[in-house]
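Enquirer: Numbering (my numbering), first residue to last: 3 to 229.
Glycine included, every Cβ here is placed at the ideal spot set by N, Cα and C.
These numbers were taken from a predicted model, which means no experiment stands behind them.
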Ligand code: HEM
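1) Within 7 Å (strictly less), CB to CB, does residue 82 reach chain D?
2) Give the DSSP-derived three-state secondary structure of residue 105 in the structure shown.
3) In terms of residues, what are the limits of the alpha helix (DSSP H) holding residue 153?
4) Any heavy atom of ligand 1 closer than 6 Å to the Cβ of residue 28?
5) Find out if the Cβ-Cβ distance for the pair residue 220, residue 226 is shorter than 7 Å.
6) Suppose contacts are defined by Cβ-Cβ distances below 7 Å. Is residue 190 in contact with residue 24 by that definition?
7) Please go through the same chain and pick out, in chain order, the residues whose beta-carbon is closer than 7 Å to the beta-carbon of residue 134, but skip the five residues on each side of it.
8) Any contact of the segment 200-210 with the segment 164-182, i.e. 3+ C-beta pairs under 8 Å?
9) Relative to the alpha-carbon of residue 21, which residue among 222, 157, 70, 77 has its alpha-carbon at the smallest distance?
10) Would you check if the distance between the CB atom of residue 17 and the CB atom of residue 187 is smaller than 7 Å?
11) In the DSSP assignment, find the alpha helix (DSSP H) that holds residue 203 and state where it starts and stops.
12) Who are the Cβ neighbours of residue 160 in its own chain at under 6 Å, not counting the five residues just before and after it?
13) Just to confirm, does residue 176 get its C-beta within under 6 Å of one of the non-hydrogen atoms of ligand 1?
14) From what residue to what residue does the alpha helix (DSSP H) around residue 76 run?
15) Among 171, 118, 42, 174, whose alpha-carbon lies nearest the alpha-carbon of residue 74?
16) Can you tell me whether residue 58 is buried or exposed? The criterion is at least 16 other CB atoms within 10 Å of its CB, across all chains shown.
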């Protein structure tokens, strides 16, 4: 049984499992970003990539199920750790939080995490379960552009794009702390390299947020011509 097994772990082990599951999620985020950037090469490249992925089914169902399980374990353990921390030191925790040596990203982890969960649910409804040949795939010339058209139409709405960009900002913050936290939890600490890891982690979080946000921004600002 997965649940009693997870609950029985010590706090350190729970943190380690959270770190490792977080690493798999970061790898997914990077892979997904690489796939999404095909949008800059036009509808044929983007839809071709989506079709190649779809061609990997039924094997892909297994990968998706494992990814979902990893996501749920990450969420469950994080919530459990926060709850255990609060139970153990309700007053001290507040004081500890106020010391100020914790970055904004670290203090915002529960909030940015919640935004990401809400985003993923909305996002799946938006694109994964969208009809790739339906009315949402049709662009201004009256032709269907498949999944490319669905994404393009969604981001042509500035509010839709703005919400995506906000969610990407939350993701960037979450990752900027998550990556350095991963290193620390797994015991990488060095007076010389830890500040460097912190900088790289912040840089990577920012880069991922900017790269993802560039897509809704490019469509909403009319910089991505239909091709
Ligand atoms: C501009 C940003 C993004 C765009 C344009 C985008 C686009 C897409 C598209 C088109 C699909 C459907 C793929 C298909 O059915 O073949 C998809 C699926 C998905 N996206 Fe995104 N995505 C973005 C950001 C994100 C982010 C930041 C996350 C995670 C935090 C994410 C998580 C997912 C997941 C979990 C799926 C389902 C994967 C699957 O069906 O195998 N996406 N995305």
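Expert: A quick look at the data gives this:
1) Annotation note: the requested chain D is absent from the structure, which comprises a single protein chain.
2) As a working mapping, residue 105 is identified with position 103 in the chain shown. Residue 105 falls in the coil class under three-state DSSP.
3) One-based indexing of the chain shown puts residue 153 at position 151. Here the alpha helix (DSSP H) through residue 153 covers 148-158.
4) Taking the chain shown and counting its residues from 1, one reaches residue 28 at position 26. Checking every heavy atom of ligand 1 against the Cβ of residue 28, none is found closer than 6 Å.
5) Numbered from its first residue, the chain shown carries residue 220 at position 218. Numbered from its first residue, the chain shown carries residue 226 at position 224. In this structure, residue 226 lies closer than 7 Å to residue 220 by Cβ.
6) The count along the chain shown starts at 1 and reaches residue 190 at position 188. The count along the chain shown starts at 1 and reaches residue 24 at position 22. The answer is no: Cβ separation not under 7 Å.
7) As a first step, residue 134 must be located in the chain shown, where it is residue number 132. 148, 149, 152, listed in sequence order.
8) yes
9) For this step, residue 21 is matched to residue 19 along the chain shown. It is 77 whose Cα lies nearest to the Cα of residue 21.
10) By one-based count along the chain shown, residue 17 stands at place 15. By one-based count along the chain shown, residue 187 stands at place 185. Yes, the Cβ-Cβ distance between residue 17 and residue 187 is below 7 Å.
11) As a working note, residue 203 is residue 201 in the chain shown. Its alpha helix (DSSP H) spans residues 195-222.
12) Taking the chain shown and counting its residues from 1, the one referred to as residue 160 is at position 158. Excluding positions up to five away in sequence, the list reads 222.
13) Your numbering for residue 176 matches position 174 in the chain shown. Result no, Cβ not under 6 Å from ligand 1.
14) Within the chain shown, the letter at position 74 stands for residue 76. First-last of the alpha helix (DSSP H) with residue 76: 61-90.
15) Position 72 of the chain shown, counted from the start, is the residue given in the question as residue 74. Looking at the Cα atoms, 118 is the closest of the given residues.
16) In the chain shown, counting from the first residue as 1, residue 58 sits at position 56. Per the 10 Å Cβ criterion, exposed.
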